[in-house]
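Asker:
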Amino acid sequence: MRKRKKKRGGLIILIVILLICIAGAVFFLVNRAAENRHIAEEERAAAEAAQKQAEEEAREKAEEEARAAKIAEEKSQWYLVLVNNQNAMPGDFDIETSEVEDGYVIDARVKDALQEMLADCREAGYSPRLISTFRTRETQQYLYDHTANKADTAVPGHSEHECGLAADIIDADSLGWADPLIAEQEDMPAQKWLMEHCQDYGFILRYPSDKEDITEIIYEPWHYRYVGKEHAAVIMENGLCLEEYLENMEDYYRPE
Ligand SMILES: [Zn+2]
């Protein structure tokens with residue numbers, strides 16, 4: 060009887076030990092599975108982050124390429140043509156002129172913008188007066204031949220006036236001056252208004268006072284050049300001349 064009791068007691072201990080072992084094994088396996096799951100999650104998260112970054116980089120590259128293509132496209136547009144001492148107007152430059160007022164003609168694509176600018180300037184109480192717009196090669200040659208200072212006048216074939224994209228505008232009150240085409244023109248009320256608002260109509264002051272060594276043309280606070288509203292705003296806001304803008308367009312131009 061006592062022996063039997065002892066035997067049963069040993070069996071119970073054995074079962075208990077067995078149960079403890081099973082519990083331990085289950086705990087170990089569950090724990091291990093959780094750990095594995097954690098590692099897998101971390102790996103998935105890392106892979107996702109890497110993919111996201113790759114996508115982001117690809118998108119940025121595509122945007123940069125699209126921007127470069129847009130800039131190249133804009134540069135080839137008629138309204139951004141660069142004409143200066145180094146760059147003659149393109150031989151195939153297409154000009155169709157249209158009258159603005161008083162017999163002055165300009166590129167037909169620019170006429171409305173110029174008329175609007177002049178009308179708004181007059182509406183504001185000033186007296187702008189056109190004195191030169193489109194010039195034929197012959198006229199440019201004549202002006203060049205008869206100018207005292209060659210830096211005042213573009214070489215024939217190198218004038219924006221020949222492209223029909225430029226207008227010289229003075230204040231009517233300076234018509235009586237011996238020569239209204241002097242730096243003091245900038246102090247005239249109509250000129251002040253034009254310099255402040257020209258970009259709203261797509262024009263820029265083409266030969267600023269601080270850019271003479273780049274443009275190779277003296278300060279001309281009367282010569283306005285059409286480049287389109289989008290570009291005019293950037294050029295005027297940043298105080299650039301057209302040469303600088305075209306050279307560094309990627310720094311300034313953000314296509315919409
Ligand atoms: Zn001019």
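Numbering (my numbering), first residue to last: 60 to 315.
Idealized CB from N, CA, C, for every residue including glycine.
1. Is Asp-227 near ligand 1 - that is, is its Cβ less than 7 Å away from at least one heavy atom of it?
2. Here's a check: name, in chain order, each residue in its chain whose Cβ is nearer than 8 Å to the Cβ of Leu-177, leaving out the five neighbours to either side.
3. Nearest to Gln-136 by alpha carbon, out of Gln-145, Pro-149 and Ala-125?
4. So, is Ile-263 buried or exposed, given that buried needs 16 or more other C-beta atoms within 10 angstroms?
5. Enumerated in chain order, which unbroken segments of the alpha helix (DSSP H) with a length of 4 residues or greater are wholly contained in the segment 133 to 201?
6. Using 8 Å as the Cβ pair cut-off and three pairs as the minimum, do the segment 226 to 243 and the segment 187 to 206 touch?
7. Here's the rule I'm using: 16 or more other beta-carbon atoms within 10 Å means buried, otherwise exposed. How should Phe-193 be labelled?
8. Relative to the C-alpha of Glu-197, which candidate in His-217, Asn-208, Arg-181 and Glu-182 has its C-alpha closest?
9. If distances are taken between C-alpha atoms only, which option among Ala-108, Val-164 and Val-142 comes closest to Glu-275?
10. Where does the unbroken alpha helix (DSSP H) through Leu-272 begin, and where does it stop?
11. Among residues of its own chain, excluding the 5 on either side of Asn-297, which ones have a beta-carbon nearer than 7 Å to its beta-carbon?
12. Is the beta carbon of Gly-223 sitting closer than 8 Å to the one on Ile-154?
13. Within its chain, find whatever has a CB closer than 6 Å to the CB of Ala-242; leave out the 5 residues flanking it on each side and keep chain order.
14. Between His-205 and ligand 1, is the CB less than 7 Å from at least one heavy atom?
15. Which of the three DSSP states, helix, strand or coil, is assigned to Ile-277?
16. In whole angstroms, what is the alpha-carbon distance linking Gln-110 and Ala-104?
17. Let's test the definition: count the other Cβ atoms within 10 Å of the Cβ of Thr-206 and tell me whether it reaches 16, buried, or not, exposed.
18. Do Phe-152 and Val-164 count as a contact pair if the criterion is CB distance below 8 Å?
19. Taking the alpha-carbon of Glu-221 as reference, which of Tyr-201, Pro-239, Glu-107 and Ala-99 has the nearest alpha-carbon?
Answerer: From the atom records:
1. One-based indexing of the sequence shown puts residue 227 at position 168. True, at least one ligand heavy atom lies under 7 Å from that Cβ.
2. Taking the sequence shown and counting its residues from 1, one reaches residue 177 at position 118. The beta carbon of Leu-177 sits closer than 8 Å to those of Val-159, Glu-160, Pro-187, Leu-189 and Ile-228, all from its chain and outside the five residues before and after it, given in chain order.
3. By one-based count along the sequence shown, residue 136 stands at place 77. When each option's Cα is compared against that of Gln-136, the closest is Pro-149.
4. Along the sequence shown, one-based indexing puts residue 263 at 204. So Ile-263 counts as buried.
5. Taking 4 residues as the shortest admissible run, the segment 133 to 201 contains the following complete alpha helix (DSSP H) segments, listed from N- to C-terminal end: 167 to 182.
6. Output reads yes: the segment 187 to 206 touches the segment 226 to 243.
7. Translated into positions along the sequence shown, residue 193 becomes position 134. Phe-193 comes out buried.
8. Here residue 197 refers to the residue found at position 138 when the sequence shown is read from its first residue. Selected option, being the one with the closest Cα: His-217.
9. Taking the sequence shown and counting its residues from 1, the one referred to as residue 275 is at position 216. Looking at the Cα atoms, Val-142 is the closest of the given residues.
10. In the sequence shown, the residue the question calls residue 272 occupies position 213. A small fix is needed here, since residue 272 is Asp in this sequence, not Leu. Here the alpha helix (DSSP H) through Asp-272 covers 271 to 274.
11. Reading the sequence shown from its first residue, position 238 is the one you call residue 297. Same-chain partners within the cutoff: Tyr-311.
12. Position 164 of the sequence shown holds residue 223. Position 95 of the sequence shown holds residue 154. Note that the C-beta distance between Gly-223 and Ile-154 is below 8 Å.
13. Against the sequence shown, residue 242 aligns to sequence position 183. Once the five neighbours on either side are set aside, the close Cβ partners of Ala-242 are Tyr-278.
14. The residue you call residue 205 lines up with position 146 of the sequence shown. Incorrect: His-205 has no Cβ contact closer than 7 Å to ligand 1.
15. Residue mapping note: residue 277 aligns to position 218 of the sequence shown, counting from 1. It is coil, neither helix nor strand.
16. Taking the first residue of the sequence shown as position 1, residue 110 is located at position 51. Taking the first residue of the sequence shown as position 1, residue 104 is located at position 45. Answer to the nearest angstrom: the Cα atoms are 10 Å apart.
17. Locating residue 206 in the sequence shown gives position 147, where the first residue counts as 1. In the assembly as shown, Thr-206 is an exposed residue. Its beta-carbon has fewer than 16 other beta-carbons within 10 Å.
18. Numbered from 1 along the sequence shown, position 105 holds the residue referred to as residue 164. Numbered from 1 along the sequence shown, position 93 holds the residue referred to as residue 152. No, the Cβ-Cβ distance between Val-164 and Phe-152 is not below 8 Å.
19. For the purposes of this step, residue 221 is identified with residue 162 of the sequence shown, where counting begins at 1. For Glu-221, the closest of Tyr-201, Pro-239, Glu-107 and Ala-99 by C-alpha to C-alpha distance is Tyr-201.
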